[in-house]
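Trainee: The letter at position 260 of the sequence shown is residue 294 when you use this note's numbering, and the numbering goes up by one with no holes.
Beta carbons are placed, not taken as given, at the ideal position from N, Cα and C, and that holds for glycine.
Structure incoming, see below.
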Amino acid sequence: MMSQIKNAIKNPAGMIPFNSTEPTFIIKMGSKKICEVNDAAIAGFANKNPIGKELNDVVHIVPNAGPNITPVYFNEEWFILKQEILLWEGSQHLKVRLEGREGVPDFEVMQSLKNMIGFLLHRVRSPLTGIQGYAELIEDNSDINESQRYLEKISAGVDELFNLLDDLDDLEKISLERIDLNNFSANPFKIIQEIVSDYPVEVQKNISFEETTSSTPLQCNSGDMRRILSFLIENAVEYAPADKHEVTISQPTQNSIKISHTGNPIPKSISEQLFYPFVTTKARKLGIGLTMALLYAKRYYGSIFVTENNPFGEISFLFCLPPSEDYQSPSLL
35 MMSQIKNAIK NPAGMIPFNS TEPTFIIKMG SKKICEVNDA AIAGFANKNP IGKELNDVVH
95 IVPNAGPNIT PVYFNEEWFI LKQEILLWEG SQHLKVRLEG REGVPDFEVM QSLKNMIGFL
155 LHRVRSPLTG IQGYAELIED NSDINESQRY LEKISAGVDE LFNLLDDLDD LEKISLERID
215 LNNFSANPFK IIQEIVSDYP VEVQKNISFE ETTSSTPLQC NSGDMRRILS FLIENAVEYA
275 PADKHEVTIS QPTQNSIKIS HTGNPIPKSI SEQLFYPFVT TKARKLGIGL TMALLYAKRY
335 YGSIFVTENN PFGEISFLFC LPPSEDYQSP SLL
């Protein structure tokens with residue numbers, strides 16, 4: 035703690051220590067009360083001044099998400115919490131900044147991509163249907179073994195392309211409209227059990243769910259929650275060590291689900307744009323599963339974070355939803 039104080043930012047008395055357009059709060063150490071904010075914090079708090087309130091009454095903090103990350107929900111958006119010791123007006127304060135997330139597509143970007151995908155689906159599916167029809171006609175009228183072999187390859191290639199188009203179609207159909215959270219409730223433990231039961235027995239035995247006494251229903255449609263968790267579990271199983279497939283699923287807080295595996299870390303070139311579509315290390319994969327999971331989560335004001343990416347530990351994803359009305363956010367101080 036002493037080293038933190040020695041390296042603390044020093045500000046002359048009376049100077050407000052803000053150099054960011056991101057929501058920023060100054061908190062008096064020991065009191066937990068907000069004593070100064072910037073304009074972005076006021077705007078995000080419905081243009082009301084949060085000075086005098088405790089920080090955990092203004093923002094929702096997800097505790098113990100990972101060693102180097104703290105997700106925060108504020109003004110219907112998700113941020114990464116950054117904090118530093120501050121010597122201001124002659125006393126010790128905590129400067130808390132809500133940093134915007136990089137590498138996560140916003141609604142405008144995804145709407146543009148969806149429009150492009152819709153155009154491609156229309157332009158590509160039609161000629162493929164024609165090719166498939168002609169191949170079937172030739173196949174029905176051919177007795178030559180060599181031609182039959184080539185036709186089988188054509189048919190397999192066309193089927194693969196149609197499967198890819200079906201995946202793109204699923205992505206394009208996801209609505210970007212947000213949903214009233216009060217209308218839905220789903221039991222994550224039951225849904226996880228159903229998802230895991232669809233895997234082969236040799237994979238099932240290496241997937242564990244750490245159910246705790248705090249396991250509670252989440253404000254999400256059960257069908258959409260199944261989609262979100264299916265994508266995350268599938269991703270973990272695919273990238274877990276091939277000989278073990280060790281995957282751990284837990285509910286660290288009332289409003290979050292964590293999926294971890296012990297495979298190779300995500301390369302930096304991939305991790306920086308992990309939630310964008312078509313980002314993948316697999317040659318025959320579209321790389322849209324995590325994008326779809328994120329879009330479904332966003333409909334419920336939620337998000338997905340990579341909380342650990344450690345070559346000597348775990349690779350962890352955390353699915354977060356906003357707090358329910360009776361949830362008490364933990365304190366930083």
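Could you pull out every residue in the same chain whose Cβ sits closer than 6 Å to the Cβ of Ser294, ignoring the five residues on either side in sequence?
Mentor: Closer than 6 Å at Cβ, skipping near neighbours: Thr282, Glu348, Ser350.
Trainee: DSSP on Glu194, reduced to helix/strand/coil?
Mentor: In this structure, Glu194 counts as helix in the three-state DSSP scheme.
Trainee: Return the CA-CA distance between Leu328 and Met259, expressed in angstroms with no decimal places.
Mentor: Their Cα atoms are separated by approximately 11 Å.
Trainee: Tell me which same chain residues have a C-beta within less than 6 Å of the C-beta of Ser358, skipping the five on either side of it?
Mentor: None.
Trainee: Helix or strand or just coil, what does DSSP make of Val92?
Mentor: In the structure shown, Val92 sits in coil (DSSP, three-state: anything other than H, G, I, E or B).
Trainee: Does the distance from the CB of Leu355 to the CB of Phe339 come in under 7 Å?
Mentor: Result no, Cβ atoms of Leu355 and Phe339 do not sit closer than 7 Å.
Trainee: How is Val230 classed by DSSP in three states: helix, strand or coil?
Mentor: Correct three-state label for Val230: helix.
Trainee: Tell me whether Thr314 sits in a helix, a strand or coil according to DSSP, three-state version.
Mentor: Here Thr314 sits in coil by DSSP.
Trainee: Whole angstroms are fine: how far does the CA of Leu195 sit from the CA of Ala220?
Mentor: In a straight line, the C-alpha of Ala220 is about 35 Å away from that of Leu195.
Trainee: With burial defined as no fewer than 16 other Cβ atoms inside 10 Å of the residue's Cβ, what is the status of Thr287: buried or exposed?
Mentor: It counts as buried.
Trainee: Is Thr341 closer than 7 Å to Gly100 when the C-beta atoms are compared?
Mentor: It is a contact, given that the beta carbons lie within the stated cut-off.
Trainee: Measure the CB-CB distance between Leu155 and Leu202 and report whether it falls below 7 Å.
Mentor: Yes, these two residues count as a Cβ contact at 7 Å.
Trainee: According to DSSP, Lys129 sits in a beta bridge with which residue or residues?
Mentor: Answer by DSSP bridge pairing, in chain order: Ile60, Glu118.
Trainee: Given 8 Å as the limit, is there contact between the stretch 139-150 and the stretch 113-128, that is, 3 or more CB pairs closer than that?
Mentor: Output reads no: the stretch 113-128 does not touch the stretch 139-150.
Trainee: Can you give me the C-alpha to C-alpha distance between Ile61 and Asn83, rounded to a whole angstrom?
Mentor: So the alpha carbons of these two residues sit roughly 14 Å apart.
Trainee: Decide yes or no for the touch test of the stretch 213-227 against the stretch 251-258: beta carbon pairs closer than 8 Å, at least 3 of them.
Mentor: With the cut-off at 8 Å, the stretch 213-227 and the stretch 251-258 touch.
Trainee: Along the chain, where does the beta strand (DSSP E) containing Thr287 start, and where does it finish?
Mentor: Taken as a continuous stretch (DSSP letters only), the beta strand (DSSP E) holding Thr287 covers 281-287.
Trainee: What first and last residue would you give for the beta strand (DSSP E) that runs through Phe346?
Mentor: Run containing Phe346: none; DSSP gives neither H nor E here.
Trainee: Measuring only the C-alpha atoms, how far is Glu118 from Lys129?
Mentor: So the two alpha carbons sit approximately 5 Å from each other.
Trainee: Would the beta-carbon of Pro311 fall within 7 Å of that of Thr325?
Mentor: The answer is yes: Cβ separation under 7 Å.
Trainee: Considering Ser305, what are the terminal residues of the alpha helix (DSSP H) in which it resides?
Mentor: Its alpha helix (DSSP H) spans residues 302-305.
Trainee: Just to confirm, are Ile213 and Ser264 a CB contact at a threshold of 7 Å?
Mentor: Taking 7 Å as the Cβ cut-off, Ile213 and Ser264 do not qualify as a contacting pair.
Trainee: Hey, could you find the ends of the beta strand (DSSP E) Ser290 is sitting in?
Mentor: Its beta strand (DSSP E) spans residues 290-295.
Trainee: Between which two residues does the alpha helix (DSSP H) carrying Tyr273 extend?
Mentor: Per DSSP, Tyr273 belongs to the alpha helix (DSSP H) from 256-273.
Trainee: If I measure Cβ to Cβ from Ile85 and keep anything under 6 Å in the same chain, skipping five residues before and after, which residues do I get?
Mentor: These residues qualify, in order along the chain: Ile68.
Trainee: Any idea what DSSP makes of Tyr107, helix, strand or coil?
Mentor: Tyr107: strand per DSSP, three-state reduction.
Trainee: Spell out the partners DSSP gives Cys354 in its beta bridges.
Mentor: Answer is Ser290, Ser337, bridged to Cys354.
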